[in-house]
Amino acid sequence: MEQVENKHNPNPPTAAHGASSDLEKVLSDTSLPGFKRLRMASWIELKLLFRLAAPAVMVYLINNSMSISTRIFSGHLGNLEFAAVSLGNQGIQLFAYGLLLGMGSAVETLCGQAFGAGRYDMLGLYLQRATVVLFLFSLPITLVYIFSKQLLIFIGESENVASLAAVFVYGLIPQLFAYTINFPIQKFLQAQSIVAPSAYISLATLGLHLLLVLGFGVQDWFRGARGIFAVMLCLETWYFQVLVLVAGLLENPELSLDALSVCMSINGLLFMVSVGFNAAASVRVSNELGAGNPKSAAFSVVVVNLVSFTVAVVVAVIILSQRHVISYIFTGGETVANAVSDLCPFLAVTLILNGIQPVLSGVAVGCGWQAFVAYVNVGCYYVVGVPVGCLLGFKFNLGIKGIWSGMIGGTMMQTVILLCATFRTDWNKEVEKAKKRLDKWEAIKEPLLKDCK
1 MEQVENKHNP
11 NPPTAAHGAS
21 SDLEKVLSDT
31 SLPGFKRLRM
41 ASWIELKLLF
51 RLAAPAVMVY
61 LINNSMSIST
71 RIFSGHLGNL
81 EFAAVSLGNQ
91 GIQLFAYGLL
101 LGMGSAVETL
111 CGQAFGAGRY
121 DMLGLYLQRA
131 TVVLFLFSLP
141 ITLVYIFSKQ
151 LLIFIGESEN
161 VASLAAVFVY
171 GLIPQLFAYT
181 INFPIQKFLQ
191 AQSIVAPSAY
201 ISLATLGLHL
211 LLVLGFGVQD
221 WFRGARGIFA
231 VMLCLETWYF
241 QVLVLVAGLL
251 ENPELSLDAL
261 SVCMSINGLL
271 FMVSVGFNAA
281 ASVRVSNELG
291 AGNPKSAAFS
301 VVVVNLVSFT
311 VAVVVAVIIL
321 SQRHVISYIF
331 TGGETVANAV
341 SDLCPFLAVT
351 LILNGIQPVL
361 SGVAVGCGWQ
371 AFVAYVNVGC
381 YYVVGVPVGC
391 LLGFKFNLGI
401 KGIWSGMIGG
411 TMMQTVILLC
421 ATFRTDWNKE
431 VEKAKKRLDK
441 WEAIKEPLLK
451 DCK
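If you read the sequence shown in UniProt numbering, its first letter stands for residue 1, the second for the next number, and so on.
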């Protein structure tokens with residue numbers, strides 16, 4: 001990364017920024033030997049990082065576990081139920097999840113930089129505006145849920161799977177409006193390094209979810225009824241959902257969906273670890289840029305990427321070692337288990353890439369680069385990854401392996417581009433951009449909701 005200089009922060013230091021200020025001082029102290037400076041800076045950064053990442057990882061893992069547990073229960077009902085839940089969850093629900101969470105990333109950028117700059121009066125205004133905007137956007141998205149059966153059949157999914165998936169999706173409509181409140185508040189708190197409450201709430205919610213599923217039973221349920229800020233994260237979240245949808249167009253779609261859904265469930269759960277590091281990277285970078293600490297921001301990027309990549313490699317090795325038995329968590333079918341085992345090498349590569357790419361996206365959110373990353377995502381994912389994958393899968397008869405190979409290629413291209421962009425970043429200029437961004441938004445202080453008297 002380019003050499004960075006320390007800029008004077010015009011805002012008075014606060015207790016919340018104490019460790020951050022210490023990090024900048026250590027990195028700027030040229031009188032210290034290089035190795036000692038690196039050791040001291042690494043220790044400070046790791047404490048700051050894990051204070052954010054550990055609860056954030058817990059939150060995302062618990063939230064994803066609710067979806068995973070539903071798929072596990074449905075998988076033991078039968079292959080049709082498992083395919084339907086997986087399609088409804090990954091084909092429809094995550095469409096809305098990606099859109100609303102992506103729009104919530106605007107709160108992460110603005111609140112993170114405002115908190116780092118000590119402009120605390122702006123935090124509530126950002127939260128208020130984001131909540132109203134997300135609620136308005138959730139209204140038309142509801143139509144996607146209501147007409148999910150027709151949409152799934154239109155894109156080529158079988159009528160049996162689409163009909164059962166629609167039943168599952170109808171029950172998720174209230175969740176859509178819960179997202180409009182949850183996401184802005186979650187990002188609002190994360191920007192201030194307040195993550196523990198979200199973890200406790202998520203844990204209680206998971207307990208209630210498991211109690212309801214075990215108590216009422218998904219078996220009776222099924223058999224009784226039969227913005228530019230958003231664009232970046234939407235394109236990332238939807239990317240591998242395209243893989244699930246396309247898999248339904250292959251020969252023997254039920255087996256393809258079942259095997260892929262097992263892999264995507266594992267990938268989704270472990271991806272939450274990277275999302276936790278994504279949140280930590282976003283908060284650390286945005287806080288440091290807002291506080292005027294370019295060296296600390298650059299150093300944080302290096303540390304969080306190294307830690308996340310190391311964790312991803314270890315997890316990928318474990319998955320490969322258990323490739324022949326891991327599918328039995330979700331389903332007892334030997335045919336599905338063999339198909340999952342064949343796909344595990346692709347899953348391992350995806351997990352390793354996920355150790356880097358989401359963290360770089362977190363850096364982008366912290367810097368406010370969402371527009372740039374959105375263009376990169378369109379090019380790498382939908383111009384390269386999906387077409388190449390479909391070409392390999394259908395034209396060269398490689399099936400799901402070919403589709404996944406093409407999409408891995410798109411992710412690798414995106415990761416390389418983001419690495420190059422991050423490496424070439426002038427962090428002094430990013431500090432100035434953060435200040436200008438806050439000045440621009442601070443000029444508009446009138447809240448969207450006013451007291452009526």
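Think of the CB as a built atom: it goes at the ideal place given N, C-alpha and C, for glycine as much as any other residue.
- Looking at the structure shown, is Q322 part of a helix, part of a strand, or coil, going by DSSP? Here residue 322 refers to the residue found at position 322 of the sequence shown. Coil, per DSSP.
- Query: Which of the three DSSP states, helix, strand or coil, is assigned to F396?
  - Reply: Residue mapping note: residue 396 aligns to position 396 of the sequence shown, counting from 1. Reduced to three states, the DSSP call for F396 is coil.
- Beta-carbon proximity list for Q186, same chain, < 7 angstroms, skipping 5 on both sides: Locating residue 186 in the sequence shown gives position 186, counting from the first residue. The answer, listed in chain order, is S198.
- Query: Do the stretch 157-166 and the stretch 128-137 make contact, defined as three or more Cβ pairs closer than 8 angstroms?
  - Reply: no
- Using 8 angstroms as the threshold, is the stretch 341-351 in touch with the stretch 202-209, meaning 3 or more CB pairs across them? Note that the stretch 341-351 does not touch the stretch 202-209; fewer than 3 beta-carbon pairs, one per stretch, sit closer than 8 angstroms.
- Query: What's the gap between the Cα of C420 and the Cα of K149?
  - Reply: Stepping through the sequence shown from its first residue, residue 420 is reached at position 420. Stepping through the sequence shown from its first residue, residue 149 is reached at position 149. Those two C-alpha atoms are separated by around 42 angstroms.
- Report, in whole angstroms, the separation of the C-beta atoms of C390 and V273, which I expect to be a contact under 8 angstroms. Within the sequence shown, numbered from 1, the residue matching residue 390 stands at position 390. Within the sequence shown, numbered from 1, the residue matching residue 273 stands at position 273. At roughly 30 angstroms, the Cβ-Cβ gap does not stay under 8 angstroms, so C390 and V273 are not in contact.
- Item | Residue environment, F147, which counts as buried when at least 16 other CB atoms sit within 10 Å | The residue labelled residue 147 in the question sits at position 147 within the sequence shown. Looking at its Cβ environment, which holds fewer than 16 other Cβ atoms inside 10 Å, F147 is exposed.
- Helix, strand or coil for I153, going by three-state DSSP, please let me know. The residue labelled residue 153 in the question sits at position 153 within the sequence shown. In this structure, I153 counts as helix in the three-state DSSP scheme.
- Message: Please report the straight-line C-alpha distance between T180 and A83, rounded to a whole angstrom.
- Response: Here residue 180 refers to the residue found at position 180 of the sequence shown. Here residue 83 refers to the residue found at position 83 of the sequence shown. Each residue's alpha carbon lies about 28 angstroms from the other.
- Item | P294 classed as buried or exposed, judged by whether at least 16 other C-beta atoms fall within 10 angstroms | The count along the sequence shown starts at 1 and reaches residue 294 at position 294. With 16 or more other Cβ atoms within 10 Å, it is buried.
- Item | Selected residue, minimal CA-CA separation from V301, among G379, R424, L80, A339 | Counting from 1 along the sequence shown, the entry for residue 301 is found at position 301. Measuring from the Cα of V301, the nearest candidate turns out to be R424.
- Message: On the CB-based measure, 16 or more other CB atoms within 10 Å of its CB, does D258 come out buried or exposed?
- Response: Walking along the sequence shown from the start, residue 258 turns up at place 258. Note on D258: 16 or more other CB atoms within 10 angstroms of its CB, so buried under the neighbour-count rule.
- Message: Suppose contacts are defined by Cβ-Cβ distances below 8 angstroms. Is G406 in contact with C380 by that definition?
- Response: Within the sequence shown, the letter at position 406 stands for residue 406. Within the sequence shown, the letter at position 380 stands for residue 380. No, these two residues do not count as a Cβ contact at 8 angstroms.
- Let me know the secondary structure DSSP gives L249 once reduced to three states. Indexing the sequence shown from 1 puts residue 249 at position 249. Here L249 sits in coil by DSSP.
- Task: Could you check how far apart the C-beta atoms of Q93 and V167 are, in whole angstroms? I think they sit under 8 angstroms.
- Result: For the purposes of this step, residue 93 is taken as the residue at position 93 of the sequence shown. For the purposes of this step, residue 167 is taken as the residue at position 167 of the sequence shown. 13 angstroms between Cβ atoms; not a contact.
- Could you give the distance in angstroms between the alpha-carbon of L110 and the alpha-carbon of F188? For the purposes of this step, residue 110 is taken as residue 110 along the sequence shown, with counting starting at 1. For the purposes of this step, residue 188 is taken as residue 188 along the sequence shown, with counting starting at 1. Cα to Cα, the separation comes out at about 9 angstroms.
- Query: For W369, which of V313, W427, I400, Q322 has the nearest alpha-carbon?
  - Reply: As a first step, residue 369 is located in the sequence shown; it is residue number 369 there, counting from the start. The candidate whose alpha carbon is nearest that of W369 is W427.
- Message: I'd like the list of long-range same chain contacts for L320, defined as Cβ closer than 8 angstroms, with 5 residues on each side in sequence excluded.
- Response: Walking along the sequence shown from the start, residue 320 turns up at place 320. Same-chain partners within the cutoff: C344, P345, A348.
- May I ask which residues mark the beginning and end of the alpha helix (DSSP H) holding P358? Within the sequence shown, residue 358 is the residue found at index 358, counting from 1. Counting along the chain, the alpha helix (DSSP H) containing P358 begins and ends at 357-367.
- Message: Just to check my reading of the structure: I44 and A96 have Cβ atoms closer than 8 angstroms, yes? What is that Cβ distance to the nearest angstrom?
- Response: Taking the first residue of the sequence shown as position 1, residue 44 is located at position 44. Taking the first residue of the sequence shown as position 1, residue 96 is located at position 96. About 39 angstroms separates the two Cβ atoms, so there is no contact after all.
- Query: Considering only residues of the same chain and omitting the five flanking positions on each side of L249, which have a CB-CB separation below 7 angstroms?
  - Reply: What you label residue 249 is simply residue 249 of the sequence shown in a count that begins at 1. Excluding positions up to five away in sequence, the list reads G156.
- Query: Hey, quick one: how far does the alpha helix (DSSP H) through M103 stretch, first residue to last?
  - Reply: Counted from its first residue, the sequence shown places residue 103 at position 103. Where M103 is concerned, the enclosing alpha helix (DSSP H) stretches over 94-116.
- Message: Going by C-alpha to C-alpha distance, which of I352, F372, K440 sits closest to M412?
- Response: As a first step, residue 412 is located in the sequence shown; it is residue number 412 there, counting from the start. Selected option, being the one with the closest Cα: I352.
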